[in-house]
Amino acid sequence: MIKIISHRLFWPVVLLLVLFVVNLVAFPGFFRIEVKDGHLFGSLIDILRNGAPTLIVAIGMTLVIATRGIDLSVGAVGAIAGALACSIILDSPDPGSVTTVVTAVLVSLLVAVVLGLWNGALVSVIGIQPIVATLILMTAGRGVAMLITEGQILTVNSPPFKVIGSGFLLGIPVAVVVAAVIFLAAALLTRQTALGMLIESTGVNPEASRQAGVRARELLFAVYVFCALCAGIAGLILTANQTAADANNTGLFIELDAILAVVIGGTSLTGGRYSLLGTLVGALVIQTLITTVYTVGIPPITTMVFKAAVVVAVCLLQSPATGAAIRRWRLRHLARADRQAVA
Amino acid sequence: MDDVSPVVEMTGISIAFPPVQALEGVDFRLYPGEVCSLMGENGAGKSTLIKALTGVYPIDAGRIMVAGREVAFTGPGQAQEAGISTVYQEVNLLPNLTVAENIMLGREPRGWAGIDARAMRRHARDLLRGLNLDIDPGSLLGSHSLAVQQLVSIARAIDIQAKVLVLDEPTSSLDADEVEELFRVIRTLKESGVAILFVSHFLDQVYEISDRLTVLRNGRLVGDYRTDELLRIELVHKMIGKEMAVLEQIERRTQTADTDDGQKPYVQAVGLGRKGSIEPIDLTVYEGEVVGLAGLLGSGRTELGRILSGVDRSDTGTLTVHGRTRRFRSPRSALKQRIAYSSENRRAEGIVGDLTIRDNIVLALQSDRGWLRRIPRRRQDELAASYIEALNIRPANPDALVRNLSGGNQQKVLLARWLATAPRLLILDEPTRGIDIGAKAEIQKLVADLADNGMSVLFISAELEEVLRLSHRVVVLRDRRKVADLDNDDLSVSDLLAVIADGAAPEEVTA
Amino acid sequence: MAATTLAARAGSRSRDVLDVVRRPLISPKYGPVLITALLLVAMFVLGGLRYTGFASAQVVLNLLVDNAYLIVLAVGMTFVILTGGIDLSVGAVVALSTMIAAAMLAGGWSPTVVVPLILILTSFLGLLVGLMIHVFGVQPFIATLAAMFLARGLCYVISNRSISIEDPFFVAMAQTPVPLPGDLTISPSAILALVVVLIAFFVLHRTRFGRTVYALGGSESSALLMGLPVARTKVLVYVVSGFCSGLSGLLFSFYTLSGYSLTAIGTELDAIAAVVIGGTLLTGGFGFVWGSVLGVLVLGTIQTTITFEGTLSSWWTKIFIGGLLLVFIILQRLLTARRQ
Amino acid sequence: GVDSAPGGSGGGGDAKIVLGFAQVGAESGWRTANTKSVQDAAKDAGIDLKFSDAQQKQENQIKAIRSYIQQKVDVIAFSPVVESGWDTVLKEAKTANIPVVLTDRAVDSADDSLYVTFLGSDFVAEGKKAGDWVVKEFADASTVKIAQLEGTTGSAPAIDRAEGFADVIKADPKFTIVASQTGDFTRAGGKQVTEALLKSNPDINLIYAHNDDMGLGAIEAIEAAGKVPGQDIKLVTVDAVKDGMTALSEGKINFIVECSPLLGPQLMDVVKKVKAGESVEKRILTEETTFTPEQAKEALPSRQY
Ligand SMILES: Nc1ncnc2c1ncn2[C@@H]1O[C@H](COP(=O)(O)OP(=O)(O)OP(=O)(O)O)[C@@H](O)[C@H]1O
Ligand SMILES: Nc1ncnc2c1ncn2[C@@H]1O[C@H](COP(=O)(O)OP(=O)(O)OP(=O)(O)O)[C@@H](O)[C@H]1O
Ligand SMILES: [Mg+2]
Ligand SMILES: [Mg+2]
């Protein structure tokens, strides 16, 4: 019992459940999942699908944060990827063909990788502090995305492209499948190899790791590239979901959501130990929070206050001080029980 | 002395870090005008007891009285105000501030315009001179070697002018001279009625300075003895809890084979140097040879080790490893040549605190193999288990976070990391710093055995006995320059001291 | 004996004239700030060569006038960042202060009530954030993010329309230029901001609180073991930042004479960028308030350059800002990296 | 520090009018079209345009205007980010004798001598037009459940469009707004909000979106829920950008209230008049209309943005 309560993810999961209950009260059909036109349909599915981009970005962010870094440019990278894909599809003679879409996707992901290399170079080679290094791309990147779309919203009418954002695979939303694949890939890649341990070690003590022969520089590159790739994929999903590239708004503030998800999931911003599972829970909490605002009909002007309350709640509950207080309370409780048993 | 009331009286102290019971019902007493040494193996609970006293850790049970009043400090600040000044085990100062600021922080002299920086520097300079250390008090602390930092933290503690001075392994990286200097100061303080709590793993120092010994074992009190009534052998017995044969010195090694014909050099440095840190130096280490590096504080031993292992890049000279010329761009490239360097600064450059013992032990080996070829979990467990046993690392739980280990045990983990890579040349910079007497013997034996099996060792230690006991050859550095290269046949500490001090020309000595 | 040392010192001084110039530039403490200053001057010279009317004293003063609120914000942020923390709430708190000011003034309250009240409220919010960080161990990024949501949310709750300020005191603060010799003018806000900087400088370097701020950035655990008042300092730093955000909000409402809930979005990033450009390490322990002022001026100069350029479309504006930031940071980095 | 280069001072030698234009930003496709219209019209009219993008920040706009004053442009035009807070800088402009034209959004300054004219749409009127159509369309219905997709919370168009709409429909109690959420003027926002709304309120009859983009997002959500946009659930939006018009012509949207970004030519006329010393009206409305699906089909081919 104590073990469960003191588990890192106990409170985030509790919070998630509380949010579910709130939704259920506001809207009894919340847990209902039907099969409509051969695919799953329901609020929970929406939460998974809409949460997928945040989750994907958050996975990349987790690894970056584990190295003591942070990546503010994910939103901009996503916007660039989306803008590029749309403009390629629009410029092609046959927007509806699968090859066009595949090319567009590959090219834009390649560009995302290049942007990741750029961040990686600034951080690891030139040694700029990550928050500033990525701030540069955050600012300029939006500009680049807008340059690609010339500030317009590029609407594409391409069924194969739309599939990425709102299609289904075996009844499950494609976005969810993609997120699941990335999640598993990241988990396997870092935990079945030594990558995870090396990343953590660089995050905890870079100098010690260097002296132990860890290739810190390559590692940083890899992590920023992976994060940018995740951002690119998320950007494509977001773009495909609205079948239009919106350079201004695609992935706006997604970096904050992603970081929040990572932290709610118990990974410390000071680097080191990370938990992908925690990030998953964190991302679900955030998306459920957003959906709750919509389903419960919280007035827009109080939405922010509500968000603040939830974030504060989960942080305070997760805090070691609260844990200690609970332990003390339990001890006293047990002691009293003992005394009663003796009497 | 019996009629004097204790200035510190701790009774029945218990502290647990589940699952470790760090202290259990420990009683401890400290009288004014005495030096009491707290003795025990690594992880016995010495530092924890000190932290309990100064309020760093809350106690689970027990009572602490200071000057006759019960106290419950919530932090070192309060302890300081109550007259307890402490040097904690690791250097706990601020590398980003100047030496003077580190000494005076919290007690800065203030003038009409706030803190008077000049008065502060002046005061700091005087204080450091009292410890025979002449450095610029306006320089950043981080730019100084660990030993200097340790002296600075001692200076800070002394300057507080407390009733109780607690020194947790203050001498671990000091040279004999500095230790003498420190002891002089301690004696003066003792005379003026200050109660001093001293911790060290050097029995000589303990016997030299302390009046009383309190021995801990596994978090429990073993007993409280007068130093002049307890033989060393008994003390060790009480600390370890069993007879310790190893302690009877591993027999001194003298040169077994003649290096010139039998053995091949593993590493050969010619004119190797780095601007601003070490003058060009020639050095050869043969296979299976243990070379000791001796020198005063700041003489450049650490720098030499760092250059040889690629931690710092050299800018002059050549390095030949196993017959091929190499340029190390990083520790990684040195590791590829099977050269490992164990840093003297274990907290900043050694351990990875938030990882487990297991991860820390396999780290270097793993990064050498590359991230793709993960060492199978079973092999990791084997490695961890074998080193935990061989070096007696406590707690013997490979999943414990290294951050929570006692200082000595952290050092052991670090050693295990380098040993696990099976290096051909192992550069050990103060490897026995803070290690208890039993483990020290174990480590020395280990080094000797490994050398017998062909591993070369460059052994840097401030403890000359240890250097002499282990090495075939001793290289002496002074002012970042090699001044002597001595074969170790029946060298004595005083011989060595003589060379270190006035540096007879190398030719004269080696000849 | 004193004479000989003095003579020796004088001798070495004349010998190392070059060293005297170079030493501070390569010191980890002063180097980044000095280099920022040099680069700023270089930027100005380049701008002056390129655009007419750019290199005038009034343009420089306008930088102070237009960025007074940001300077104050950056000062507060400097305290936080020096301890190794971060404060994301400042932008939203600025907006909240403008809203409270506007709403209360519109409701007929006197500035003598409104101004202190805002400063107390924002300091209190800082206190809450500080307690959350210290007592509950919440990471600064998250605690201040929550505060940001809260402050922004409260803005909407007060009103989601913008509210004008017509109070005579505020109008006077906004529209009374302070004449300087040479036909130049500066605003009261700019002077206030400079005063804040002076006070901050004094506090950071001449008081124990200030030194403890640096100590926290060096190593919190060491500071604790050295017996410094870690808890108090850590909480106070966020109070200082809260106070500065409130003050900055007031300056902002002098500047715009209105309160608006969507105002100052993303200003926290500007403040952080200014602090970092000014040579303060995000991990804490190194840096100066003057550096942060320079950082603000750099950002302002980038802005000014863009307006003087006058032909950049929206996206090129963003790219240009990013590019200039990049050039600046890389130059700064390369110039300081030559030390060791 | 010697003033050795006296030549080439501000203003320019020839008679070309210099216009300083401080744009809000480029936060939407509408805004970009607006910018482009101004830039193109300036070129056509032979006016030298100094353009600056405030990135949605009032302080940046103030800085830009101040800089225009320093550069001594002939006329300053800007789309204020916010209504309030312009007096100080406008007074400076007035002191420097530079006339100011407001575009797109108004300022709430009590002293209307600070600007020459305000050229732009009336957001409240747009909301009213949408409301009028709804009242007409649902004249026969007994109850009408409406969901509203609001623009960015606190922004002027969001507030005014909601207000104008509410004004009209409140006359008849059969209209109820069952849900009103912000979709931040974006497609993604519109889609996500609608998805959730449709689950908790599956029986809504009408969605009123404060711009086309949110409406387009809503269409996707409605289709995904297996309903037919424009029939099962009716849609009214504001803006009439090209994508919106396309959807309208396909019957997925039922009615669009135009809010034209093409202020450029009108602005240039005003600038020229102001420069020539002619008087202009204090309030110039943009020429705007509304579209039904049929009108959309006609207008679509000539739609520029
Ligand atoms: N913060 C902590 N969390 C968990 N365990 C701890 C912590 N601090 C100390 N311990 C454990 O308490 C025990 C006693 O440690 P302590 O540091 O007091 O040993 P020590 O006697 O000072 O040893 P050394 O000679 O190596 O310094 C060790 O087993 C250590 O692992
Ligand atoms: N007594 C001293 N006075 C002034 N500076 C000193 C003193 N001792 C050390 N230093 C400084 O410390 C720096 C580091 O020296 P280094 O690390 O090479 O020492 P070392 O030979 O390894 O000895 P140790 O490890 O005992 O410090 C030197 O550059 C020197 O400037
Ligand atoms: Mg210890
Ligand atoms: Mg050394």
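Residue numbers (the working numbering), protein chains in the order written: chain A, 1 to 343; chain B, 1001 to 1511; chain C, 2001 to 2340; chain D, 3001 to 3305.
Virtual Cβ for every residue (Gly too), placed ideally from N, Cα, C.
Values in this document were obtained by computation on a predicted structure and should not be read as measured data.
For residue i, which three-state DSSP category applies?
i	result
S1531(B)	Missing from the structure shown is residue 1531(B); chain B here goes from 1001 to 1511 and no further.
S1085(B)	strand
H1472(B)	coil
K1275(B)	coil
A2037(C)	helix
D1485(B)	strand
E1325(B)	Here the sequence assigns Thr to residue 1325(B), which means Glu is not the residue at that position. Strand at T1325(B).
R217(A)	helix
R1226(B)	strand
V1246(B)	Reliability fails at V1246(B), whose pLDDT of 49 lies under 50, so the model's placement of it is uncertain and the value that follows must be treated cautiously. Reduced to three states, the DSSP call for V1246(B) is coil.
S3109(D)	coil
S1367(B)	helix
H3210(D)	coil
F2328(C)	helix
Pull up the DSSP beta-bridge partners for residue i, would you.
i	result
Q1268(B)	T1284(B), T1320(B)
C1036(B)	L1197(B), R1212(B)
P1066(B)	In the sequence under discussion, the amino acid at residue 1066(B) is Val, which differs from the Pro named in the question. According to DSSP, which records beta bridges pairwise, V1066(B) is partnered with V1008(B), R1069(B).
P2179(C)	T2185(C)
H2134(C)	In the DSSP output, where bridge partners are listed per residue, H2134(C) has none listed.
Q1161(B)	Answer is none; Q1161(B) lacks a bridge partner.
R1478(B)	R1481(B)
Return the residue from the list the options that minimises the CA-CA distance to residue i.
i	options	result
I70(A)	V111(A), M138(A), L316(A)	M138(A)
D1354(B)	L188(A), Y274(A), Q192(A)	Y274(A)
E2943(D)	E3287(D), N3060(D), E3298(D)	Outside the displayed range of chain D (3001 to 3305) lies residue 2943(D), so it cannot be described from this structure.
A1124(B)	S1139(B), G1114(B), L1414(B), W1112(B)	S1139(B)
P3080(D)	A3130(D), A3196(D), Q3304(D), S3109(D)	S3109(D)
I1556(B)	P1032(B), K1051(B), G1043(B)	There is no way to answer for residue 1556(B), as the model of chain B reaches only from 1001 to 1511.
R1069(B)	N1092(B), S1492(B), D1126(B), S1005(B)	S1005(B)
How about residue i: is its Cβ closer than 7 Å to a heavy atom in ligand 6?
i	result
S1200(B)	As far as ligands go, the structure on display features ligand 1, ligand 2, ligand 3 and ligand 4 and does not contain ligand 6.
Check whether the segment 2110 to 2129 of chain C touches the segment 2201 to 2215 of chain C, counting contact only when three or more Cβ pairs, one atom from each stretch, lie closer than 8 Å.
no
Using 8 Å as the threshold, is the segment 2067 to 2084 of chain C in touch with the segment 2231 to 2244 of chain C, meaning 3 or more CB pairs across them?
yes
Answer yes if the segment 3145 to 3153 of chain D comes into contact with the segment 3178 to 3193 of chain D, meaning at least three C-beta pairs across the two stretches below 8 Å, and no otherwise.
yes
If contact is defined by three or more beta carbon pairs under 8 Å, each pair taking one atom from either stretch, is the segment 2125 to 2141 of chain C in contact with the segment 280 to 288 of chain A?
no
Are the segment 258 to 278 of chain A and the segment 106 to 115 of chain A in contact at 8 Å, needing three or more beta carbon pairs?
no
Using 8 Å as the cut-off, can you tell me whether the segment 1306 to 1320 of chain B makes contact with the segment 1440 to 1449 of chain B, which would need three or more C-beta pairs spanning the two stretches below that distance?
no
Where the segment 294 to 316 of chain A meets chain D: residues whose CB sits under 9 Å from a CB there
Y294, T295, V296, G297, I298, P299, P300, I301, T303, M304
Give me the subset of the segment 118 to 141 of chain A whose CB atoms are less than 9 Å from a CB atom of chain C, sorted by chain position.
L122, I126, G127, I128, Q129, P130, I131, V132, A133, L135, I136, L137, M138, T139, A140, G141
The segment 196 to 217 of chain A: which residues have C-beta closer than 7 Å to a C-beta of chain B, in chain order?
M197, L198, E200, S201, V204, N205, E207, A208, S209, R210, Q211, A212, G213, V214, R215
Evaluate contact between the segment 2289 to 2308 of chain C and the segment 3062 to 3071 of chain D, counting only Cβ atoms and requiring at least three cross-stretch pairs below 8 Å.
yes
Count the CB pairs spanning the segment 172 to 184 of chain A and the segment 1319 to 1331 of chain B that are closer than 8 Å, and state whether there are at least three.
no
Could you run through the segment 2039 to 2055 of chain C and flag, in chain order, every residue whose CB is less than 8 Å away from some CB of chain D?
T2052, G2053
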